[in-house]
Every structure is written in C-alpha cells, then in structure tokens.
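Let me begin by presenting the structure, written as structure tokens, before commenting on it.
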Amino acid sequence: MILDRIAHQTRQRVAAEQAALPLAEMRRRAEALGLGRGADFERALAAGGLSFICEVKRASPSKGLIAADFDPVSIARQYAAAGASAISVLTEPEFFLGSDDYLAQIAAAVTTPTLRKDFVVDPYQIYQARTLGAAAVLLICRLLSGTQLADWLALAGDLGLACLVETHDQAEIDQAVTAGARLIGVNNRDLATFQVDLALTERLAGALPDQVTLVAESGVHSPGDVARLRRAGVDAVLVGERLMTAPDKAQALDQLRSELPRIKLCGLSRPQDVAAANQARPDYVGFVFAPSSRQVDPDQASRLRAQLDPGIAAVGVFVDADESAIAQLGAAGTIDLIQLHGQESAEQVARLRRTAGLRVIKAVRLDRSPGPEVWAAAAAADAVLLDAGAGSGRRLDWSDLPVIDKPWFLAGGIDLDNLDQALQVPGHPVLDLSSGAETAGAKDPAKMIALTARTHAWGSPRLARRAGWAVHGLYADSSAYADSSEGGDRDWAGRRQAAPVLDAPSETAGKESS
Numbered sequence: 020m021i022l023d024r025i026a027h028q029t030r031q032r033v034a035a036e037q038a039a040l041p042l043a044e045m046r047r048r049a050e051a052l053g054l055g056r057g058a059d060f061e062r063a064l065a066a067g068g069l070s071f072i073c074e075v076k077r078a079s080p081s082k083g084l085i086a087a088d089f090d091p092v093s094i095a096r097q098y099a100a101a102g103a104s105a106i107s108v109l110t111e112p113e114f115f116l117g118s119d120d121y122l123a124q125i126a127a128a129v130t131t132p133t134l135r136k137d138f139v140v141d142p143y144q145i146y147q148a149r150t151l152g153a154a155a156v157l158l159i160c161r162l163l164s165g166t167q168l169a170d171w172l173a174l175a176g177d178l179g180l181a182c183l184v185e186t187h188d189q190a191e192i193d194q195a196v197t198a199g200a201r202l203i204g205v206n207n208r209d210l211a212t213f214q215v216d217l218a219l220t221e222r223l224a225g226a227l228p229d230q231v232t233l234v235a236e237s238g239v240h241s242p243g244d245v246a247r248l249r250r251a252g253v254d255a256v257l258v259g260e261r262l263m264t265a266p267d268k269a270q271a272l273d274q275l276r277s278e279l280p281r282i283k284l285c286g287l288s289r290p291q292d293v294a295a296a297n298q299a300r301p302d303y304v305g306f307v308f309a310p311s312s313r314q315v316d317p318d319q320a321s322r323l324r325a326q327l328d329p330g331i332a333a334v335g336v337f338v339d340a341d342e343s344a345i346a347q348l349g350a351a352g353t354i355d356l357i358q359l360h361g362q363e364s365a366e367q368v369a370r371l372r373r374t375a376g377l378r379v380i381k382a383v384r385l386d387r388s389p390g391p392e393v394w395a396a397a398a399a400a401d402a403v404l405l406d407a408g409a410g411s412g413r414r415l416d417w418s419d420l421p422v423i424d425k426p427w428f429l430a431g432g433i434d435l436d437n438l439d440q441a442l443q444v445p446g447h448p449v450l451d452l453s454s455g456a457e458t459a460g461a462k463d464p465a466k467m468i469a470l471t472a473r474t475h476a477w478g479s480p481r482l483a484r485r486a487g488w489a490v491h492g493l494y495a496d497s498s499a500y501a502d503s504s505e506g507g508d509r510d511w512a513g514r515r516q517a518a519p520v521l522d523a524p525s526e527t528a529g530k531e532s533s
C-alpha cells in the first residue's frame, strides 16, 4: 500500500534528520519559541460558515506533477488574499515533492495559520513543525496506535499546536474521539486504492460529537461538492488540486463558495458593531462611505477594519465616488471589495477593477426600470446586487427576480422574520442586510449573531446544533436523515427536502453544543 511506502520513507528521513540535529536540540529550539498559533487554527476552522483550508501542493502520487511553475509563497499569498481560513503546506519530499522550506517561508510571509501536511511517524516531527512556524500538524490514525495518538495530541498541545486528526472509517473516528481530538478530518480518498467517495464524509459525520470540528479532505472540485459536504455538517473543507490548477485562485475559491448560504451585514459604523460582527462571523461586512446615517469616513473605516476579524471580508459601499479615493482605500487594506450604487458606467467599473485591483459589486435598483447602461455596468462587474433602493429596507418581490449569470447579492427588507424565505430564493445569492440587523436604527448584536448563525446552519442539522439552534421538521426521523445523505438535496423518499424551521437558541441547546 502506498501509505506504507510513504511511512517507511518518512521514518528513514526522520532518522537522518535526527542524526544531523538530535531530538534534544530540536526540542530545545521548539520550546524556546513559546506557544504556537494552534488556537488561531482551531478558531479559524470552527468559525461560523464553511472554512476553507487551501493547500500548497506541488505533486501527489495519484496525479504526479500538479504545478510545474511552483512559487509556494506567491500561492500562499493568493490564498490569504482570497480569504482562506488556513493554509496546508505539503512538506513530504519524495512522493509530494514538498519541502520544510516551503512551510517556513509561507509561515513567515502570511498571517493565515498554517498546517504542516506530512506523515507524522515520530514526535521529532511535531517539535520540528513548531520550529518551522506551523500552527497545526496532521496526525493520521492509520499510522498511529491509540496511545501514540493521545500522547502526540498532548505533546502538540504543550507546544501550542493544533492537530488535525485524519480518519477514514468508523474505527478511526472512535480512536480519534477517544484520544481527545478536537479537529477530526475525514479523508474521502482511500489511501490504499486512491478512490475518492464524498459519501464517506456524509456517512461518518453523524458519528461525531457535535463539539468536534469536522473537516472533509480530498475530492472537492465543484460548488456542488462543497454545498453537499456543508449539508452533511462539515465545518471546513481541505482543497488542493482544484485550487492548485486554477490560474486565478481567488476566482476559483469564490466559485467553490458560490452555492453556500452566505450573509453580508452592511452599515457597520461603531467599534461595538465590529465587536458584534467578530462574534457573529458573517461572510462580509459593509462600510458605507456615501451620505447616510451609517456613513463612515476613511479614518473611521481604517480603525474599524483594524479591529475586524481578518476572516471577514470588508466591502466599501460608494455612490459616484472619486475613483482614486476608492483605490486608496483598497491599497491601504481598509476594504476588500467595492460596492457601487451610483450611476457608474461599464467603463468606470472596468477601470476601477484594474486600478484598485479589487473585485467590484454593482448594485441594480429594481424599484425602477434599469436601463441598458445599468445592466452594461453590472455585466462589467464581478458580482451584482439586486436591491429595492440602497438602505431603504423595502423588500423586493422575490418571486419575480431577473436571472443573474454571475455571483450576486440580494438586499432589501431581509430580517429574522423572512430570513428562511430569503434563503430559498433560487440562484444562491449572498443575503445583504442592514436595517434588518438593527434595533432603533443601531446594529443589534443579538440580531447580528442570530441572522448569521441561522444562515450558516441552513439545511444542516449538525451545523444547526453546533450553532445552538433547535431544528424541527426537516426530517421525520433519524433513519430519514441517514438515508438522505445519498440523495443530495432530496429526502429518503426522493422528495425535495423541506426548509428547516430554526427556533431561537435555548440555554440548553447552547450548552449541549459547546
């Protein structure tokens, strides 16, 4: 079996490394660095919404050379800019053409937490991972006894490293849970045959305690794959080949996210709004630079952005603003995307995309009849926002929306009362809320948290439980849930799944999911 060959080669490699630098010295160097960033890695994967571990991988035994033109630091920077939650770096040199140097260089170049992806067969490699700057290590159940797994989880914890424990069957799930693993990965690829089966994660997800963070590894190639795994209750996916072969990695990651339920909370203007957003973890927040009761100036926005969780994308909202001023906000790192609500032409949209180097969302107001010039500007943008009027809080008729052939946002009158209905709008729009997340004209932390949790848990009983929401009426019984995993978005009888009814979190539900 290929895994046995890799493990044998790894033992020889580690023996040679220890001969050159003894364990005692490697341990001294690791401990001298203090605690690592394992807590950051765990938080990034357990945060609301689906997290992405993006992999830097030059080759694999099943695919051979994946990236002939290989610049690991450039790739990692692209992942970080695209919003990766974590970055996995292959360091195994023989079968994957990896290198410890790749990890050290990437860890020094980006703030995104890194996973050392290797075949750990000796504690030496855990100390080594700390010296290389990793925030986490991979421990593969198939290579370890139960005692080794428990001991090495403890060792990594002492060094401040997180551990992603990889499993492939029920016995390994049990082994990982017994050892105390908090992050458990299901490798959909059988390392004996290299066959990939996403249904494996679906079958095993139900065996995990709700408090465990579940990661799906291998076989993720399409938005449908991602949405399918999220419905199964996955907290994060590890994606390698699909991103490594994409010339535009940000675009590829956006595409993988395109069928996920996502939410944008717009109009943040106070430090307490940002603090609430950091707790809620929406996919996007909006800073309004146009005249409005929610308007912020560049200095305010800069201060707010500095407090914002880096895993949340910041959108700058403008109305016929000066292009150079918008570009300056992008260059300063204050905003990640541009949202335009004015009379901007297609030429202006295209120019902004070039000069600012940021993706552009063009708003189209449907409370009036958009002319051809409006749709031309929208066509030049990366995404479209359909609205009844910026900040109006008026609701669109969701049964009669134009078909959008690119990523799009839906705004206008969405709140907790109609969120479930909005989540069923065809086409997978990002839900964009402002007044719906407010009370008496100010952002309401409780509403922000509830709206985000409800959106991210949509359609997944496991994620709903982890978010502290009670789920009723989605499945008639547990056997229906088990059987539905084979049927995508249909239930055990082949019917379209009903929308889940999510009740407000109770104290009991919150405690059970913690």
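Under the working numbering, the final residue of the sequence shown carries the number 533; numbering is consecutive throughout.
Glycine included, every Cβ here is placed at the ideal spot set by N, Cα and C.
Since the structure is predicted, the reported quantities are computational estimates derived from the model, not experimental observations.
Considering only ILE345, ASP88, LEU284, the residue with the shortest C-alpha distance to PRO464 is LEU284. Between the alpha carbons of GLY330 and PRO242 lies a distance of about 20 Å. Annotated as proximal: THR220 and ALA251, with beta-carbon spacing under 8 Å.
For ARG135, the enclosing beta strand (DSSP E) has its first and last residue at 133-136. Scanning VAL258, LEU420, VAL368 for the CA closest to the CA of SER107 turns up VAL258. In the three-state reduction of the DSSP assignment, ARG322 falls in the helix class, which pools H, G and I. Residue burial is scored here from C-beta neighbours: ILE125 has at least 16 other C-beta atoms within 10 angstroms and is therefore classed as buried. Distance check between ALA340 and each of ALA320, PHE308, VAL393 places PHE308 closest, using alpha-carbon atoms only. When the beta-carbon positions are compared, ASP401 and LEU429 stay at least 8 Å from each other.
For TRP427, the enclosing beta strand (DSSP E) has its first and last residue at 427-430.
The continuous alpha helix (DSSP H) containing ASP177 extends over residues 165-177.
The three-state secondary structure of THR212, taken from DSSP, is coil.
Scanning its chain for C-beta atoms nearer than 8 Å, with the 5 sequence neighbours on each side dropped, one finds around VAL245 the residues LEU69, VAL239, VAL256, LEU275, ARG276, GLU278, LEU279, in chain order. No Cβ-Cβ contact shorter than 8 Å links ALA148 with VAL92. Boundaries of the alpha helix (DSSP H) around LEU22: 21-39.
Out of GLY446, PRO445, ILE423, GLY455, the CA that lies nearest to the CA of ASP436 is found in GLY455.
Listed as beta-bridge partners of CYS182 by DSSP are VAL156.
As far as DSSP is concerned, PHE308 takes part in no beta bridge. By a beta-carbon distance limit of 8 Å, LEU356 does not contact VAL338. Their separation comes to about 16 Å. In this structure, the beta-carbon distance from LEU180 to GLY67 does not fall below 8 Å. With contacts defined by Cβ atoms closer than 8 Å, MET20 and LEU157 do not form a contacting pair. By the Cβ neighbour-count rule, VAL449 is buried, with 16 or more other Cβ atoms within 10 Å of its own. About 16 Å separates the CB atoms of LEU116 and ARG135; that is not less than 8 Å, and the two are not in contact.
Under DSSP, LEU284 takes part in a beta bridge, and its partners are VAL304, LEU452.
Inter-segment contact for the stretch 48-65 and the stretch 159-168 is absent: fewer than three beta-carbon pairs are separated by less than 8 Å. Pairing LEU470 with ALA476 gives a Cβ-Cβ distance that is not under 8 Å.
The Cβ atoms of LEU359 and ALA382 lie closer than 8 Å to each other. Pairing THR150 with MET45 gives a Cβ-Cβ distance under 8 Å. Exclusion of the five residues before and after SER453 leaves LEU284, CYS285, GLY286, GLY305, ARG313, GLY410, GLY412, ALA430 as the residues of its chain whose Cβ lies within less than 8 Å of its Cβ. When rounded, the separation of the alpha-carbon atoms in ALA95 and VAL75 is 7 Å. Among the bridge pairs identified by DSSP, GLN358 is matched with VAL336, ILE380. Boundaries of the beta strand (DSSP E) around ASN206: 202-206. When C-alpha distances from THR474 are compared across ARG249, VAL379, VAL293, GLY376, the shortest belongs to ARG249. The alpha-carbon of PRO80 is positioned some 51 Å away from that of GLN319. Non-local C-beta neighbours of ARG30 in its own chain, meaning closer than 8 Å and more than five positions away in sequence, comprise VAL140, ASP141, ordered along the chain.
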